[in-house]
Amino acid sequence: MSTIIYPTSNLKTGETLSIARGEGVYVYDDQGNKYLEGMAGLWCTSLGYNHPELIEAATQQLHNLSYSHMFGGKTHQVGKDLAEKIRSMVPVDDAHIFFGNSGSDANDTQIKLLRYYFNAIGKPEKRKIIARKRSYHGITVASACLTGLEVNHTNFDLPVEALGIIRTDAPYYLREKLAGESEAQFVDRIVGNLEKQIIAEGPETIAAFIAEPITGASGVIIPPAGYYEKVQALLTKYDIFFWADEVITGFGRTGNDFGCTTMGIKPDMMSLAKQLSSAYLPISAAVVKGGIYQAMIEPSNQLGVFGHGYTYSGHPVACAVSLKTLEIYQRDEIFARAASNGEYLQAGLQQFADHPLVGEVRGRGLIAAVDLHNRASDEAFPATVPYRLQQACQDHGLILRAVGGTAIAFCPPLIISREQIDELLGKFARALDDTLQWATQQGLI
Ligand code: PMP
Numbered sequence: 136m137s138t139i140i141y142p143t144s145n146l147k148t149g150e151t152l153s154i155a156r157g158e159g160v161y162v163y164d165d166q167g168n169k170y171l172e173g174m175a176g177l178w179c180t181s182l183g184y185n186h187p188e189l190i191e192a193a194t195q196q197l198h199n200l201s202y203s204h205m206f207g208g209k210t211h212q213v214g215k216d217l218a219e220k221i222r223s224m225v226p227v228d229d230a231h232i233f234f235g236n237s238g239s240d241a242n243d244t245q246i247k248l249l250r251y252y253f254n255a256i257g258k259p260e261k262r263k264i265i266a267r268k269r270s271y272h273g274i275t276v277a278s279a280c281l282t283g284l285e286v287n288h289t290n291f292d293l294p295v296e297a298l299g300i301i302r303t304d305a306p307y308y309l310r311e312k313l314a315g316e317s318e319a320q321f322v323d324r325i326v327g328n329l330e331k332q333i334i335a336e337g338p339e340t341i342a343a344f345i346a347e348p349i350t351g352a353s354g355v356i357i358p359p360a361g362y363y364e365k366v367q368a369l370l371t372k373y374d375i376f377f378w379a380d381e382v383i384t385g386f387g388r389t390g391n392d393f394g395c396t397t398m399g400i401k402p403d404m405m406s407l408a409k410q411l412s413s414a415y416l417p418i419s420a421a422v423v424k425g426g427i428y429q430a431m432i433e434p435s436n437q438l439g440v441f442g443h444g445y446t447y448s449g450h451p452v453a454c455a456v457s458l459k460t461l462e463i464y465q466r467d468e469i470f471a472r473a474a475s476n477g478e479y480l481q482a483g484l485q486q487f488a489d490h491p492l493v494g495e496v497r498g499r500g501l502i503a504a505v506d507l508h509n510r511a512s513d514e515a516f517p518a519t520v521p522y523r524l525q526q527a528c529q530d531h532g533l534i535l536r537a538v539g540g541t542a543i544a545f546c547p548p549l550i551i552s553r554e555q556i557d558e559l560l561g562k563f564a565r566a567l568d569d570t571l572q573w574a575t576q577q578g579l580i
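All residue numbers for the sequence shown refer to the numbering used here, where the first residue is 136 and numbers rise by one.
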């Protein structure tokens, strides 16, 4: 029994781990046990815990102006400074920014911005959104409809049909390929399917294609070479926006500033959260290119007030912390450091590629997955195996996360050092061997 209804949890087991404090890349439970935070919380604590400058930025802003809103044209300097800073960093042309509080609400906002925009230009029928299977875009009613995971739909009567979500293939070669299919054939097949779907629905009814450049929460899925190039060409051909969900991949995570840079994507819209503030306070940004914004303010459009906004849109304390986070990224060259240490992590993870429990090791920068696979039967293990591995890691003082039913994810804070990466790899090696021993005893291998 618990007073708290825990998010994304098995409510029936009631298992908890009470985290009491954090320092750098480590957290400590209420018994004093130390853990290396190999997941940066939920893919977000990029600068680690207890960072004095972020604490100072929040404290100063709390003294100066603890709250102000942005409705009806009210504004404040720290919000304007943050918007300019984001605009200067993102690969979106003439970027304009709407502030929210979470990745989910940024994605909800994008749906509204799309509708408002297409209404403004007199194309109200262009409103459907293509989203992929196995994607994660959030959990509010609308963003959960974009998400392509059964667990987020079943028992909640989702998706809402009226939202007009078109579901297309996940670029997950290991699990979605047909027998004997090469990577290039796989790409051609799923991009071919996408084009058939666009034609069947009618391109004049489709507003955008949403994708995480590298899919995070459902398995750290990295599309094969050529996939995005072909998708982007299709979207250009049929006049459909590329909407990049960079909630995980934004800000240095994948070895470059944004996942779009790593994967060669030119986005029209971008959703940001998590590392935007190193998770010190909740804040998100829905970013759209200038053309979308210009149509919204065009005097000749027939639309009235833009009736969308949150009480905490542009919360000044969250803005101050976010601005300081982005300044630290630039001043301390955090992305370059993460790219170099990312190569070190990826090289280190290759030692597990031939382990009897492992089917594939993949990653970019400081995000990676070890995908478990029964080589003898050429099938995935039951989901109990990655969960067992997650628990074994925790027993060795390492927090990692089972994702996608078959894999275990790595996403340490961007400030992790090479010495700490060695520590992470050592703990993981021991946990993997413990799990192999258990799986052998269970007759799973
Ligand atoms: N998009 C992506 C790609 C995410 O990974 C997440 C969260 N894991 C979200 C959106 C939703 O963000 P939030 O949990 O802040 O609502």
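Cβ atoms here follow ideal geometry from the backbone N, Cα and C, with glycine treated the same way.
Please read all numbers here as calculations on a predicted model, not as lab measurements.
### Task
Determine the extent of the beta strand (DSSP E) in which Asp557 is found, giving its start and end residues.
Taking the first residue of the sequence shown as position 1, residue 557 is located at position 422. That residue, Asp557, is in no beta strand (DSSP E); its alpha helix (DSSP H) goes 553 to 576.
### Message
If distances are taken between C-alpha atoms only, which option among Ile375, Leu571, Thr396 comes closest to Gly385?
### Response
Residue numbering aside, residue 385 sits at position 250 when the sequence shown is read from its first letter. It is Thr396 whose Cα lies nearest to the Cα of Gly385.
### Query
Hey, would you say the C-beta of Ser413 is under 7 Å away from at least one heavy atom of the ligand PMP?
Translated into positions along the sequence shown, residue 413 becomes position 278. No.
### Query
Straight-line CA distance for Thr583 to Glu188?
Residue 583 is absent from the model: the chain starts at 136 and stops at 580.
### Task
Report, in whole angstroms, the separation of the C-beta atoms of Gln245 and Ser419, which I expect to be a contact under 8 Å.
Within the sequence shown, residue 245 is the residue found at index 110, counting from 1. Within the sequence shown, residue 419 is the residue found at index 284, counting from 1. That belief does not hold up - the Cβ atoms of Gln245 and Ser419 are roughly 10 Å apart, past 8 Å.
### Query
The beta strand (DSSP E) spanning Val355 covers which residue range?
For the purposes of this step, residue 355 is taken as the residue at position 220 of the sequence shown. Note, Val355: premise wrong, no beta strand (DSSP E); not H, not E.
### Task
Starting from the Cα of Leu571, find the closest Cα among Tyr415, Arg523, Thr151, Glu495 and give me that residue.
Indexing the sequence shown from 1 puts residue 571 at position 436. Checked all of Tyr415, Arg523, Thr151, Glu495; the closest Cα to Leu571 is Arg523.
### Task
May I ask whether a heavy atom of the ligand PMP can be found less than 7 Å away from the beta carbon of Glu347?
Taking the first residue of the sequence shown as position 1, residue 347 is located at position 212. Yes, since a heavy atom of the ligand PMP falls inside the 7 Å radius drawn around the Cβ of Glu347.
### Message
In this structure, how does DSSP classify Phe233 when only helix, strand and coil are distinguished?
### Response
In the sequence shown, residue 233 corresponds to position 98, counting from 1. Of the three classes helix, strand and coil, the one that applies to Phe233 here is strand, per DSSP.
### Message
the ligand PMP and Leu177: does the residue's C-beta get closer than 7 Å to at least one heavy atom of that ligand?
### Response
Here residue 177 is taken as the residue at index 42 of the sequence shown, counted from 1. Within the cutoff, so yes.
### Query
Which residue spans inside the region 150 to 174 form an unbroken beta strand (DSSP E) run of at least 3?
154 to 158, 161 to 164, 169 to 172
### Query
By Cβ distance, which residues of its chain are closer than 7 Å to Ser137, with the 5 residues on each side in sequence left out?
Position 2 of the sequence shown, counted from the first residue, corresponds to residue 137. So the qualifying residues of the chain are Gly149.
### Query
Does the separation of the CB atoms of Ile556 and Gly442 fall below 8 Å?
Here residue 556 refers to the residue found at position 421 when the sequence shown is read from its first residue. Here residue 442 refers to the residue found at position 307 when the sequence shown is read from its first residue. No. Outside cutoff.
### Message
Can you find the residues in the same chain that come closer than 7 Å, C-beta to C-beta, to Asp228, ignoring five residues on each side of it along the sequence?
### Response
The residue labelled residue 228 in the question sits at position 93 within the sequence shown. Same-chain partners within the cutoff: Lys424, Gly425.
### Ala503 to Phe393 span [Cα, whole Å]
Taking the first residue of the sequence shown as position 1, residue 503 is located at position 368. Taking the first residue of the sequence shown as position 1, residue 393 is located at position 258. Answer to the nearest angstrom: the Cα atoms are 16 Å apart.
### Query
Is it the case that the CB of Ala352 approaches a heavy atom of the ligand PMP more closely than 7 Å?
For the purposes of this step, residue 352 is taken as the residue at position 217 of the sequence shown. Checking the Cβ of Ala352 against the ligand PMP gives yes.
#### Entry: Contact test: Asn242 Cβ vs the ligand PMP heavy atom, cutoff 7 Å
For the purposes of this step, residue 242 is taken as residue 107 along the sequence shown, with counting starting at 1. Yes; taking the cut-off as 7 Å, the Cβ of Asn242 has a heavy atom of the ligand PMP nearer than that.
### Task
With DSSP as the reference, label Gly532 as helix, strand or coil.
Numbered from its first residue, the sequence shown carries residue 532 at position 397. Coil, per DSSP.
### Query
Going by DSSP, what residues sit across from Ala504 in a beta bridge?
By 1-based counting over the sequence shown, the position of residue 504 is 369. Ala504 pairs with Arg497, Ala544.
### Selected residue, minimal CA-CA separation from Met224, among Thr519, Thr460, Asp513
Numbered from its first residue, the sequence shown carries residue 224 at position 89. Measuring from the Cα of Met224, the nearest candidate turns out to be Thr460.
### Query
Comparing the CB of Tyr271 with every heavy atom of the ligand PMP, is any distance shorter than 7 Å?
For the purposes of this step, residue 271 is identified with residue 136 of the sequence shown, where counting begins at 1. Under cutoff, so the answer is yes.
### Query
With respect to the alpha helix (DSSP H) encompassing Leu197, which residues constitute its N-terminal and C-terminal limits?
Indexing the sequence shown from 1 puts residue 197 at position 62. 187 to 199 is the extent of the alpha helix (DSSP H) around Leu197.
### Message
Could you check whether the region 263 to 272 touches the region 334 to 348, counting it as contact only if at least three pairs of C-beta atoms, one from each stretch, sit closer than 8 Å?
### Response
yes
### Query
Ile140 bridges to which residues according to DSSP?
In the sequence shown, counting from the first residue as 1, residue 140 sits at position 5. In DSSP, Ile140 forms no bridge with anything.
### Query
Any chance the region 312 to 324 sits against the region 291 to 299, with 3 or more Cβ pairs inside 8 Å?
no
### Task
Quick one: residues in its chain with C-beta nearer than 8 Å to the C-beta of Gln525, no 5 flanking neighbours on either side, listed in chain order?
Against the sequence shown, residue 525 aligns to sequence position 390. If we look at Gln525 and ignore the five residues flanking it on each side, its Cβ neighbours are Leu535, Arg536, Ala537, Ile543.
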